[in-house]
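Trainee: Residue numbers (the working numbering): 182 to 525.
Note that CB positions come from ideal geometry on N, CA and C, so glycine has one too.
Below is the structure I would like to discuss, written out as structure tokens.
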Amino acid sequence: MTDQAPPAFTGPKRVLSGVQPTGDLHLGNYLGALVKFARMQHEMETFIFVADLHAITQWQDPKLLKNQVREIAAAYLASGVDPKVATIFPQSAVPEHTELAWVFNCVARLGWLDRMTQFKDKAGKHKERESVGLYTYPVLQAADILVYKATHVPVGDDQRQHLELTRDIAAKFNHDFEVPAFFPLRDAVSEGPGARVMSLRDGSAKMSKSDPSDNSRINLTDDADAIAQKIRKAKTDPEPLPETLDELKARPEAQNLVGIYAALDGRTDQDVLSEFAGQGFGAFKPKLADLAVAKLGPVGGDMRRYLSDPAEIDAILAAGAAHAREVAAPTLAEVKKIVGYWAG
Ligand code: TRP
């Protein structure tokens with residue numbers, strides 16, 4: 182072994198990301214993921230999937246799962262991901278993900294997975310009762326990414342550790358099988374933090390679909406009344422908005438609402454403060470509510486429209502899966518040869 186850097190990967194730049202079909206999407210998913218997908222699809226080849234394989238690492242009702250997949254696909258479309266530009270597909274329709282995941286299960290080390298904090302968070306005190314799939318979840322995620330040799334993976338900060346694991350798996354594969362530039366090695370490739378949207382009830386907790394309080398989040402399917410009411414009820418403090426970002430730091434709820442306003446309006450937090458400094462939340466919240474209704478109302482409306490005609494979504498997903506397979510299959514075929522499979 183030498184400590185020379187391995188030769189660089191020279192393939193094309195590609196975006197890959199996915200969302201699990203396990204609950205209603207909310208403003209945090211919209212600003213943190215969907216809007217980014219819609220933007221990045223114009224910058225490079227883009228693959229966006231619905232992670233139904235990952236979903237079943239925890240129990241999902243088989244009668245509901247297909248519709249949950251359609252809902253995520255509808256949210257992609259309503260957020261501006263264009264099936265003529267990006268490839269949108271269900272993960273389970275591309276078996277190459279699963280096949281590559283098996284190889285990666287044999288590359289990743291137990292010690293690496295033992296360090297994954299998301300598993301610990303999800304499993305809680307009773308890890309012996311969780312599925313083996315939940316434990317190897319990040320290995321499948323690495324396969325999702327590397328079967329397309331993706332170089333850009335827009336995800337939230339909570340996925341950073343999984344991206345680092347992906348890099349470690351790629352590096353070990355390239356090294357052990359002596360194919361130094363086969364898989365791209367990128368640093369954790371999360372594309373900027375994006376807007377980190379916090380709970381409307383607690384500025385120190387992420388907005389989350391698992392929060393028992395529906396008032397803590399704005400769902401993409403909320404109607405205008407629900408959006409406005411949740412913003413009206415959002416936790417705040419009695420102080421007016423300050424002039425500088427520094428003064429906002431110790432006020433997580435205020436900071437969150439300013440951040441949401443800025444992200445929805447495509448401006449910086451400082452811009453928003455400059456406009457509203459000195460005003461209290463009695464004045465700011467109605468403006469935020471109007472903006473949120475104007476931006477999210479059409480997204481929810483579009484989602485409902487797509488879902489009322491599932492045949493269109495299903496056709497988009499089928500075409501996406503066919504194209505995704507065309508790209509994934511050659512990678513998998515090469516991997517089988519490299520590993521020395523009988524069927525390689
Ligand atoms: N684990 C991701 C999440 O919960 C979803 C996901 C699965 C994913 N595979 C992926 C995201 C591959 C990016 C790339 O958000």
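1. Between which two residues does the beta strand (DSSP E) holding residue 422 run?
2. Assign residue 266 to one of two classes, buried (16 or more other C-beta atoms within 10 Å of its C-beta) or exposed (fewer than that).
3. I'd like the list of long-range same chain contacts for residue 408, defined as Cβ closer than 8 Å, with 5 residues on each side in sequence excluded.
4. State the DSSP-derived secondary structure class of residue 317, mapped to helix, strand or coil.
5. For residue 227 and residue 196, I'd like the C-alpha separation in whole angstroms.
6. First and last residue of the beta strand (DSSP E) that includes residue 231?
7. Let me confirm a value: residue 515 is counted as buried when at least 16 other C-beta atoms fall within 10 Å, else exposed. Which label applies?
8. Is it buried or exposed for residue 340, if we count other Cβ within 10 angstroms and need 16 for buried?
9. My understanding is that residue 209 touches residue 387, with C-beta atoms under 8 Å, so please give their C-beta distance in whole angstroms.
10. By how many angstroms is the C-alpha of residue 428 removed from the C-alpha of residue 393?
11. With which residues is residue 536 paired in a DSSP beta bridge?
12. Mind checking which residues open and close the alpha helix (DSSP H) that includes residue 474?
13. Taking only three categories from DSSP, how would you classify residue 384?
14. For the beta strand (DSSP E) that residue 198 lies in, which residues bound it at each end?
15. Out of 523, 521, 502, which has the shortest C-alpha to C-alpha gap to residue 277?
16. Grab the span of the alpha helix (DSSP H) containing residue 457 for me, first residue to last.
17. Per the DSSP calculation, residue 207 is bridged to which residue(s)?
18. Taking DSSP as the reference, what is the three-state secondary structure of residue 307?
19. Restricting to Cα atoms, I'd like to know which of 406, 288, 382 is closest to residue 438.
20. Quick check on residue 507: buried or exposed, where buried means 16 or more other Cβ atoms within 10 Å of its Cβ?
21. DSSP on residue 356, reduced to helix/strand/coil?
22. With distances taken from CA atoms, which of 230, 462, 447, 459 is nearest residue 329?
23. Under 8 Å by Cβ, that's how I've got residue 235 and residue 318 pegged, so tell me the actual separation to the nearest angstrom.
24. Leaving out five residues on either side along the sequence, give the residues of the same chain with a beta carbon under 6 Å from the beta carbon of residue 458.
25. Determine, using beta carbons only, whether residue 397 and residue 385 come nearer to each other than 7 Å.
26. With a threshold of 6 Å (Cβ to nearest heavy atom), would residue 260 be considered close to the ligand TRP?
27. Within 10 Å of its beta-carbon, does residue 312 have 16 or more other beta-carbons around it, so buried, or fewer, so exposed?
28. Which value, in whole angstroms, describes the spacing of the CA atoms of residue 257 and residue 222?
29. Excluding the five sequence neighbours on either side, which residues of its own chain have a C-beta within less than 7 Å of the C-beta of residue 374, listed in chain order?
30. Just to confirm, does residue 408 get its C-beta within under 6 Å of one of the non-hydrogen atoms of the ligand TRP?
31. Just mark residue 335 as buried or exposed, buried being the case when its beta carbon has 16 or more other beta carbons within 10 Å.
32. Any chance the CB of residue 326 is under 6 Å from a heavy atom of the ligand TRP?
Mentor: Let me lay it out:
1. In the DSSP annotation of this structure, residue 422 is not part of any beta strand (DSSP E), being labelled neither H nor E.
2. Its Cβ having fewer than 16 others within 10 Å, residue 266 is exposed.
3. 399, 470, 473, 474, 477, 478, listed in sequence order.
4. Here residue 317 sits in helix by DSSP.
5. Cα to Cα, the separation comes out at about 5 Å.
6. Run containing residue 231: 226 to 231, per the beta strand (DSSP E) assignment.
7. Residue 515 sits exposed, since fewer than 16 C-beta atoms from the chains shown fall within 10 Å of its C-beta.
8. Per the 10 Å Cβ criterion, buried.
9. So it is a contact: roughly 7 Å between Cβ atoms.
10. If you take the alpha carbons of residue 393 and residue 428, they lie about 31 Å apart.
11. For residue 536 there is no data in the structure shown, the boundaries of the chain being 182 and 525.
12. Residue 474: member of the alpha helix (DSSP H) spanning 462 to 489, first to last residue.
13. In this structure, residue 384 counts as coil in the three-state DSSP scheme.
14. Unbroken beta strand (DSSP E) run through residue 198: 195 to 200.
15. That would be 502, whose Cα lies nearest to the Cα of residue 277.
16. Per DSSP, the continuous alpha helix (DSSP H) segment holding residue 457 begins and ends at 450 to 457.
17. Residue 207 is bridged to 400.
18. The three-state reading of DSSP puts residue 307 in coil, since its state is none of H, G, I, E or B.
19. Minimum Cα distance to residue 438 is reached at 382.
20. If you draw a 10 Å sphere on the C-beta of residue 507, you find fewer than 16 other C-beta atoms in it, and that means exposed.
21. It is helical.
22. For residue 329, the nearest C-alpha among the options comes from 230.
23. 6 Å between Cβ atoms; contact.
24. 422, 424.
25. No, the pair does not count as a contact, with Cβ atoms beyond the cut-off.
26. No; taking the cut-off as 6 Å, the Cβ of residue 260 has no heavy atom of the ligand TRP nearer than that.
27. Flag for residue 312 reads exposed.
28. Spanning the two alpha carbons is a distance of roughly 12 Å.
29. Summary for residue 374: the model assigns pLDDT 47, below 50, so the residue's position carries little reliability; its value from the coordinates is reported in the next sentence. Correct list, in chain order: 338.
30. Flag unset: Cβ of residue 408 not near the ligand TRP.
31. Classified as buried, residue 335 has 16 or more neighbouring CB atoms from the shown chains inside 10 Å of its CB.
32. Indeed, a heavy atom of the ligand TRP lies less than 6 Å from the Cβ.
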